[in-house]
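Visitor: Sharing a structure here in structure tokens format.
Okay, here's the thing in structure tokens:
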């Protein structure tokens, strides 16, 4: 459930007071039809916080609850009090209100749907994947098992890391399986990698064995979130393999976007981490299918972030370190050299 749907449902179902009570707010006063006043759990003032009942905007006069996008609403209030990431806050609200986080949305009037669609078009790219994340039955992984393999070990992913990321094997397609989990640790997809070193042109090296709305996922965030907070930095790579390679090297603050173009949802999830971002794409990510260099590629990626968001890029400008299509994480020495010379591009 996304933020807009959640807030609309909380308002329609008159769940605002339930949420405030669950948060531990005190002196909750709903006497005004337009807003509710209350005090912070650890505060003395009985009316330090005002929640507007028509849109769930929050004015917190004694606390700075504003999120990276400048928002101050019921979700940012939950994030501030509970110390949670935005997705965790949304899930918490769903649990308190007894909503299914991945379930069906409430039925809206045609006019409400039109208003909401117009808002989304103005806020997000039209190319955003419209498919929603759906949790899969965990028992699916029993079919693939949990096996280590020499192919990945030779590629810089230790056996311990393979076990950590629950790698398995598909006997029918002869593929190493990579479970895809969202930041709440729910299984939302399974990706397969053909079990052979050299892949023919007519073969698919990677294949989703269980489809996934990949533009809505930052692979590895369920495991790396705590290290991102500790390091105060998130490294953004293209592939799931790169996250596991870095994890093997002890670099546990990376996430993968499952491609080389950031989706609006991925940009938002990265921004809400509220730490500097390091873009570390494969060599030649800016080269199009026609073989020509797209000089606007990297600027377009950087411009997806807020102006005040600190963004670095890890890039082999001279092309003397990385081979074509090589990932910076493929070689520890190359990674070290490139990371040392990363440069700021925003913020």
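Residue numbers (this note's numbering): 194 to 540.
Even glycine gets a Cβ: it sits at the ideal position worked out from N, Cα and C.
Quick one: using the 10 Å Cβ neighbour count with 16 as the cut-off for buried, is residue 356 buried or exposed?
Guide: Within the chain shown, the letter at position 163 stands for residue 356. By the neighbour-count rule (16 or more Cβ atoms within 10 Å), residue 356 is not buried but exposed.
Visitor: Return the chain-ordered list of same chain residues with a C-beta closer than 7 Å to the C-beta of residue 403, the five sequence neighbours on each side being excluded.
Guide: Mapped onto the chain shown, residue 403 falls at position 210. Excluding residues within five positions, the ones whose Cβ falls inside 7 Å are 329, 333, 382, 383.
Visitor: Please name the residue or residues paired with residue 215 in a DSSP beta bridge.
Guide: Position 22 of the chain shown, counting from 1, holds the residue named residue 215. Answer is none; residue 215 lacks a bridge partner.
Visitor: What residues match up with residue 368 in a beta bridge as DSSP calls it?
Guide: Within the chain shown, residue 368 is the residue found at index 175, counting from 1. DSSP, once it has assigned bridges, lists 363, 387 as partnering residue 368.
Visitor: Does the beta-carbon distance from residue 293 to residue 194 come in below 9 Å?
Guide: As a position in the chain shown, residue 293 is number 100, starting the count at 1. As a position in the chain shown, residue 194 is number 1, starting the count at 1. In contact: residue 293 and residue 194 (Cβ atoms closer than 9 Å).
Visitor: Could you give the DSSP three-state label for residue 356: helix, strand or coil?
Guide: Here residue 356 is taken as the residue at index 163 of the chain shown, counted from 1. Note: residue 356 maps to helix in three-state DSSP.
Visitor: Exposed or buried, what is residue 408 when buried is set at 16 or more other beta-carbons lying within 10 Å of its beta-carbon?
Guide: Here residue 408 is taken as the residue at index 215 of the chain shown, counted from 1. Buried: at least 16 other Cβ atoms inside 10 Å.
Visitor: By the three-class DSSP mapping on this structure, what secondary structure does residue 420 have?
Guide: One-based indexing of the chain shown puts residue 420 at position 227. Note: residue 420 maps to helix in three-state DSSP.
Visitor: According to DSSP, residue 336 sits in a beta bridge with which residue or residues?
Guide: Sequence index remark: in the chain shown, residue 336 carries index 143 (1-based). DSSP output for residue 336 lists no bridge partner at all.
Visitor: Please confirm whether residue 244 and residue 283 have their CB atoms less than 9 Å apart.
Guide: By 1-based counting over the chain shown, the position of residue 244 is 51. By 1-based counting over the chain shown, the position of residue 283 is 90. No, these two residues do not count as a Cβ contact at 9 Å.
Visitor: In the DSSP assignment, what residue or residues form a beta bridge with residue 536?
Guide: For the purposes of this step, residue 536 is identified with residue 343 of the chain shown, where counting begins at 1. Its beta-bridge partners are 506.
Visitor: Taking residue 153 as the reference, which of 226, 455, 212, 392 has the closest Cα?
Guide: Nothing about residue 153 can be read from this structure; the chain reaches only from 194 to 540.
Visitor: Jot down the residue ranges of each uninterrupted alpha helix (DSSP H) in the segment 430-455, minimum 4 residues, whole runs only, in chain order.
Guide: As far as the segment 430-455 is concerned, its whole alpha helix (DSSP H) runs of at least 4 residues are 433-441.
Visitor: Would you say residue 470 and residue 427 are within 9 Å of each other, going by their C-beta atoms?
Guide: For the purposes of this step, residue 470 is taken as the residue at position 277 of the chain shown. For the purposes of this step, residue 427 is taken as the residue at position 234 of the chain shown. Yes, they are a contact pair.
Visitor: Of the residues 350, 533, 378, 272, which one's Cα is nearest the Cα of residue 465?
Guide: Counting from one through the chain shown, the residue named residue 465 turns up at place 272. It is 272.
Visitor: Using three-state DSSP, classify residue 405 as helix, strand or coil.
Guide: The residue you call residue 405 lines up with position 212 of the chain shown. In the structure shown, residue 405 sits in coil (DSSP, three-state: anything other than H, G, I, E or B).
Visitor: To which residues of the same chain is residue 439 closer than 6 Å at the C-beta, ignoring the five residues directly before and after it?
Guide: For the purposes of this step, residue 439 is taken as residue 246 along the chain shown, with counting starting at 1. Here the set comprises 447, 522.
Visitor: Cβ atoms of residue 295 and residue 326: under 9 Å apart, would you say?
Guide: The residue labelled residue 326 in the question sits at position 133 within the chain shown. The residue labelled residue 295 in the question sits at position 102 within the chain shown. Contact: yes.
Visitor: Nearest to residue 340 by alpha carbon, out of 353, 214, 216?
Guide: On the chain shown, position 147 is the one that residue 340 refers to. Residue 353 is the option with its Cα nearest to residue 340.
Visitor: Taking the DSSP output, what are the residues bridged to residue 412?
Guide: As a position in the chain shown, residue 412 is number 219, starting the count at 1. Answer is 449.
Visitor: Give me the residue from 481, 480, 472, 513 with the minimum Cα distance to residue 536.
Guide: Position 343 of the chain shown holds residue 536. Checked all of 481, 480, 472, 513; the closest Cα to residue 536 is 472.
Visitor: Closest to residue 422 by CA distance: which of 468, 449, 430 is it?
Guide: As a first step, residue 422 must be located in the chain shown, where it is residue number 229. It is 468 whose Cα lies nearest to the Cα of residue 422.
Visitor: What number of angstroms, rounded off, separates the C-alpha of residue 538 from the C-alpha of residue 253?
Guide: Your numbering for residue 538 matches position 345 in the chain shown. Your numbering for residue 253 matches position 60 in the chain shown. The alpha-carbon atoms of residue 538 and residue 253 are separated by roughly 33 Å.
Visitor: Helix, strand or coil for residue 458? Go by DSSP, reduced to three states.
Guide: Position 265 of the chain shown, counting from 1, holds the residue named residue 458. Residue 458: helix per DSSP, three-state reduction.
Visitor: Pull up the distance between the alpha-carbon of residue 399 and that of residue 477, whole angstroms please.
Guide: Within the chain shown, numbered from 1, the residue matching residue 399 stands at position 206. Within the chain shown, numbered from 1, the residue matching residue 477 stands at position 284. So the two alpha carbons sit approximately 19 Å from each other.
Visitor: Does DSSP put residue 222 in a helix, a strand or coil?
Guide: Within the chain shown, the letter at position 29 stands for residue 222. Residue 222 falls in the strand class under three-state DSSP.
Visitor: Return the CA-CA distance between residue 218 and residue 371, expressed in angstroms with no decimal places.
Guide: Translated into the one-based positions of the chain shown, residue 218 becomes position 25. Translated into the one-based positions of the chain shown, residue 371 becomes position 178. Spanning the two alpha carbons is a distance of roughly 42 Å.
Visitor: According to DSSP, simplified to helix, strand and coil, what is residue 266?
Guide: Position 73 of the chain shown, counted from the first residue, corresponds to residue 266. In the structure shown, residue 266 sits in a strand (DSSP, three-state: E or B).
Visitor: Using the beta-carbon count (16 or more within 10 Å), is residue 520 buried or exposed?
Guide: Reading the chain shown from its first residue, position 327 is the one you call residue 520. That one is buried.
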